[in-house]
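Respectively, the protein sequence lines represent chains A and B.
Under our numbering, read the first sequence as residues 30 to 198, first letter to last.
Under our numbering, read the second sequence as residues 45 to 278, first letter to last.
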Amino acid sequence: MQANKFRIIGLVLVAGLLAFTWLRIGLSKSTEIRQPIRFNHKKHVQGGLECSGCHQTVKDQATAGRPETSLCMTCHEASVTKNPEENLIREYAQRHEEIPWQRVIKLPDHVFFSHRRHVSTEKLDCTSCHEAIGQSSEPPSRPIKFSMDSCLACHQKMKASVDCVACHK
Amino acid sequence: MPKWGMVIDLDKCTGCQACVVACKTENNIPFSTPEQAEMGRTISWIEIIPIMEGEYPRPKLRYLPRPCLQCDHPPCIKVCPVYATYRNPEGLVGQVYSRCIGCRYCTAACPYTAKYFNWSAPTWAKEFEPCLNPDVSKRPKGVVEKCTFCHHRLQKAKEKVKAEGRELKDEDYVPACVQTCPAGAMYFGDLDNPNSKVTQQTKSPRAFRLLEELGTEPKVIYLTEGEWHGAYRK
Chain A
30 MQANKFRIIG
40 LVLVAGLLAF
50 TWLRIGLSKS
60 TEIRQPIRFN
70 HKKHVQGGLE
80 CSGCHQTVKD
90 QATAGRPETS
100 LCMTCHEASV
110 TKNPEENLIR
120 EYAQRHEEIP
130 WQRVIKLPDH
140 VFFSHRRHVS
150 TEKLDCTSCH
160 EAIGQSSEPP
170 SRPIKFSMDS
180 CLACHQKMKA
190 SVDCVACHK
Chain B
45 MPKWGMVIDL
55 DKCTGCQACV
65 VACKTENNIP
75 FSTPEQAEMG
85 RTISWIEIIP
95 IMEGEYPRPK
105 LRYLPRPCLQ
115 CDHPPCIKVC
125 PVYATYRNPE
135 GLVGQVYSRC
145 IGCRYCTAAC
155 PYTAKYFNWS
165 APTWAKEFEP
175 CLNPDVSKRP
185 KGVVEKCTFC
195 HHRLQKAKEK
205 VKAEGRELKD
215 EDYVPACVQT
225 CPAGAMYFGD
235 LDNPNSKVTQ
245 QTKSPRAFRL
255 LEELGTEPKV
265 IYLTEGEWHG
275 AYRK
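#1: By Cβ distance, which residues of its chain are closer than 8 Å to Leu176 (chain B), with the 5 residues on each side in sequence left out?
#2: By Cβ distance, which residues of its chain are closer than 6 Å to His84 (chain A), with the 5 residues on each side in sequence left out?
#3: Looking only at C-alpha atoms, which of A:Gln164, A:His197 and A:Lys111 sits nearest to Pro178 (chain B)?
#4: Report yes if the C-beta distance between His73 (chain A) and Ile162 (chain A) is below 7 Å; otherwise report no.
#5: What does DSSP give as the partner residue(s) for Met50 (chain B) in the beta ladder?
#6: Nearest by alpha-carbon distance to Ser143 (chain A): which of B:Gln199, B:Thr151 and B:Gly138 is it?
#7: Suppose you measure from the CA of Phe172 (chain B) to the CA of Pro46 (chain B); what does that come to, to the nearest Å?
#8: When you compare the CB of Ala207 (chain B) with every CB in chain A, is at least one pair closer than 7 Å?
#9: Hey, is the region 120-137 of chain B in contact with the region 76-86 of chain B, meaning 3+ C-beta pairs nearer than 8 Å?
#10: Report the start-end ranges of each beta strand (DSSP E) in the region 115-147 of chain B that is 3 residues or longer and not cut off at the edges.
#11: Classify Val140 (chain A) as helix, strand or coil using the three-state DSSP reduction.
#12: Bridge partners for Phe252 (chain B) per DSSP, in chain order?
#13: Would Phe35 (chain A) be called buried (16 or more neighbouring beta carbons within 10 Å of its own) or exposed?
#14: Here's the rule I'm using: 16 or more other beta-carbon atoms within 10 Å means buried, otherwise exposed. How should Pro118 (chain B) be labelled?
#15: Exposed or buried, which one is His125 (chain A) when buried takes at least 16 other CB atoms within 10 Å?
#16: Select from the region 194-224 of chain B all residues with a C-beta closer than 7 Å to any C-beta belonging to chain A, and list them in chain order.
#17: Please look up how many angstroms separate the CB atoms of Gly49 (chain B) and Lys263 (chain B), rounded, as I've assumed it's under 8 Å.
#18: Kindly say whether Gln90 (chain A), judged by its beta-carbon, lies nearer than 7 Å to any beta-carbon of chain B.
#19: Residue ranges of each alpha helix (DSSP H) run of no fewer than 4 residues wholly in the region 153-229 of chain B, ordered along the chain?
#20: Among all the DSSP beta bridges, which residues are the ones paired with Tyr100 (chain B)?
#21: Report yes or no: is there a C-beta of chain A within less than 7 Å of the C-beta of Ala275 (chain B)?
#22: Taking only beta carbons into account, state which residues of the region 126-160 of chain B come closer than 9 Å to chain A, listed in chain order.
#23: Can we say the region 190-209 of chain B touches the region 219-227 of chain B, given the rule of at least three CB pairs closer than 8 Å?
#24: Would DSSP call Ile93 (chain B) helix, strand or coil?
#25: Can you give me, in chain order, the residues of the region 157-183 of chain B that have a beta carbon less than 8 Å from any beta carbon in chain A?
#26: What span of residues does the alpha helix (DSSP H) with Met45 (chain B) cover, start to end?
#27: Kindly list, in the order they appear in chain B, the residues whose Cβ is closer than 8 Å to that of Phe141 (chain A).
#28: Thinking Leu267 (chain B) and Arg253 (chain B) are a contact (beta carbons under 8 Å), I'd like their distance in whole angstroms, please.
#29: For Ile265 (chain B), does the count of other Cβ atoms within 10 angstroms reach 16, so buried, or fall short, so exposed?
#30: Rounding to the nearest angstrom, what Cα-Cα distance links Ile38 (chain A) and Thr157 (chain B) in this structure?
#31: Could you check what DSSP says for Ile38 (chain A) in three-state terms: helix, strand or coil?
#32: What residues match up with Arg110 (chain B) in a beta bridge as DSSP calls it?
#33: Does the region 95-105 of chain A come within contact of the region 119-136 of chain A, defined as at least 3 CB pairs closer than 8 Å?
#34: Drop a sphere of 10 angstroms on the beta-carbon of Arg70 (chain B), count the other beta-carbons inside from all chains shown, and report buried for 16 or more, exposed for fewer.
#35: For the region 221-240 of chain B against the region 51-70 of chain B, do three or more pairs of beta-carbon atoms, one drawn from each stretch, fall closer than 8 Å, so that the two count as touching?
#36: Go to Met150 (chain A), then tell me how far its alpha helix (DSSP H) extends in each direction, as first and last residue.
Written out as structure tokens, the structure is:
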């Protein structure tokens, strides 16, 4: 009787452990982001390119925007490196396609955020919110989260609005 | 700090419903089905309430457009157990959908029936999806919503005037209903500014507020020659 009980408990534990690992693998796969081209921010920024040169609407719209393939082509018409990733740009350009970049940062639908408000009128540096990305040589492989606390911490420090409906639409 | 308010001239209102349509499109309010309407579950942040007076053969129909009245002493916020509805520094009654737990106390507490519960998840025809307003979120099932005086328009206006380096003027921020009203029966502006159009209108002897005796201090002021006359003292 006693032995049976232990066997059942053991079985339940093993099953639980299996389910847990399976879920973990499944979850991490589903949140992984694979960009179509392994874009290297560091090399481009060190080359002297302004953030707003590629994210062109950042100063006058809510969204920062992603560069069009034609913009990449102004420099990558011919090879500048031996990196095979570079050829992918020309392949997209030949097919007259935009590169299907994945979103790395995405606030929930119920939050209002405007780059213009922060970048053009408050002259905040991109690095005050996007610390690492300009210095990374690989696109982020996981979504980047912005917590409400991180917004509020700066708003409190800079005496900006902490009214719920300023951010929640 | 401005105090946003609205004036509605009932003697000019023709009951045409243009404000209702403008509001629904502006704020991503889903169409209701006949079944939902039957159950009283139609969402309409501004509603034209018809009031029948007199008897056949001389009935008189009056119309009362009713948005959220943005009370200065809102009964709804007192009953919210989770701070999902509150009065903000500019006097607007905010509604934070992500915070709302759907208890509907506020819906019951509002004497003007201005609050609406989402009994089902909103749906739109596929063709209609591109028409949705990205500045306003789609509310999920199980939360309460109401008129916000098109607060997202205020956010945009503030950003615009900041970029242009000037002060906010009354014309910069107008809710969709006021902008649309073909009869020119609606006015909007800062009630704390003695020179604004709305403040001037509230001085009219025709001015009154709905259910004044409740002490809710609504910031929507009505004008009429009719029998409501004279209830607004300030």
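Where a beta carbon is used, it is the ideal one built from N, C-alpha and C, also for glycine.
No experiment lies behind these values; they were computed from the predicted model shown.
So, from the listed chains and residues:
#1: The residues are Asn72, Trp168 and Lys182.
#2: If we look at His84 (chain A) and ignore the five residues flanking it on each side, its Cβ neighbours are Ala93 and Gly94.
#3: Comparing C-alpha distances from Pro178 (chain B) to each of A:Gln164, A:His197 and A:Lys111 shows the shortest one belongs to A:His197.
#4: Cβ distance not < 7 Å, so His73 (chain A) and Ile162 (chain A) don't count as in contact.
#5: Note: Met50 (chain B) sits in a beta bridge opposite B:Phe232 and B:Val264.
#6: Among B:Gln199, B:Thr151 and B:Gly138, the Cα nearest to that of Ser143 (chain A) is on B:Gln199.
#7: The straight-line gap from Cα to Cα measures roughly 36 Å.
#8: Residue contact check for Ala207 (chain B) against chain A: a CB pair falls below 7 Å.
#9: Between the region 120-137 of chain B and the region 76-86 of chain B there are fewer than three C-beta pairs closer than 8 Å, too few to call the two in contact.
#10: Considered as a whole, the region 115-147 of chain B harbours 129-131 and 137-139 as its complete beta strand (DSSP E) runs of no fewer than 3 residues, in chain order.
#11: The answer is strand: DSSP assigns Val140 (chain A) an E or B state.
#12: Per DSSP, B:Tyr266.
#13: Exposed: under 16 other Cβ atoms inside 10 Å.
#14: It counts as buried.
#15: Classification of His125 (chain A): exposed, given that the 10 Å Cβ count is below 16.
#16: Residues are counted here when their Cβ sits less than 7 Å from a Cβ of chain A; for the region 194-224 of chain B these are His195, His196, Gln199, Glu203, Lys206 and Ala207, given in chain order.
#17: Taking the Cβ atoms as the reference, Gly49 (chain B) lies roughly 4 Å from Lys263 (chain B), within the contact range of under 8 Å.
#18: Not one chain B Cβ lies under 7 Å of Gln90 (chain A).
#19: Correct list: 195-208 and 220-224.
#20: Per DSSP, Tyr100 (chain B) has no beta bridge partner at all.
#21: Confidence in Ala275 (chain B) is poor, its pLDDT being 49 and thus under 50, which makes the residue's placement unreliable; the coordinate value appears in the next sentence. Interface with chain A (7 Å Cβ-Cβ cutoff): Ala275 (chain B) is excluded.
#22: Along the region 126-160 of chain B, the positions whose C-beta sits under 9 Å from a C-beta of chain A are Tyr127, Ala128, Tyr130, Asn132, Pro133, Glu134, Leu136, Gly138, Gln139, Val140, Tyr141, Ser142 and Arg143, read in chain order.
#23: Yes: the two stretches touch, three or more of their Cβ pairs being nearer than 8 Å.
#24: In the structure shown, Ile93 (chain B) sits in a strand (DSSP, three-state: E or B).
#25: The region 157-183 of chain B vs chain A, Cβ under 8 Å: Asp179, Val180, Ser181 and Lys182.
#26: Run containing Met45 (chain B): none; DSSP gives neither H nor E here.
#27: Under the 8 Å cutoff, chain B gives Asp179, His196 and Gln199.
#28: The beta carbons of Leu267 (chain B) and Arg253 (chain B) sit about 11 Å from each other, so the pair does not count as a contact at 8 Å.
#29: Residue burial annotation: Ile265 (chain B) is buried, with at least 16 other C-beta atoms found within 10 angstroms of its C-beta.
#30: So the alpha carbons of these two residues sit roughly 56 Å apart.
#31: Reduced to three states, the DSSP call for Ile38 (chain A) is helix.
#32: In DSSP, Arg110 (chain B) forms a bridge with B:Glu91.
#33: Enough Cβ pairs lie closer than 8 Å, so yes.
#34: Checking the displayed sequence, the identity of residue 70 (chain B) turns out to be Glu instead of Arg. Around the beta carbon of Glu70 (chain B), a 10 Å sphere encloses 16 or more other beta carbons of the protein chains shown; the residue is thus reported as buried.
#35: Counting Cβ pairs under 8 Å, three or more are found: they touch.
#36: The displayed chain sequence assigns Thr, not Met, to residue 150 (chain A). Per DSSP, Thr150 (chain A) belongs to no alpha helix (DSSP H) and is neither H nor E.
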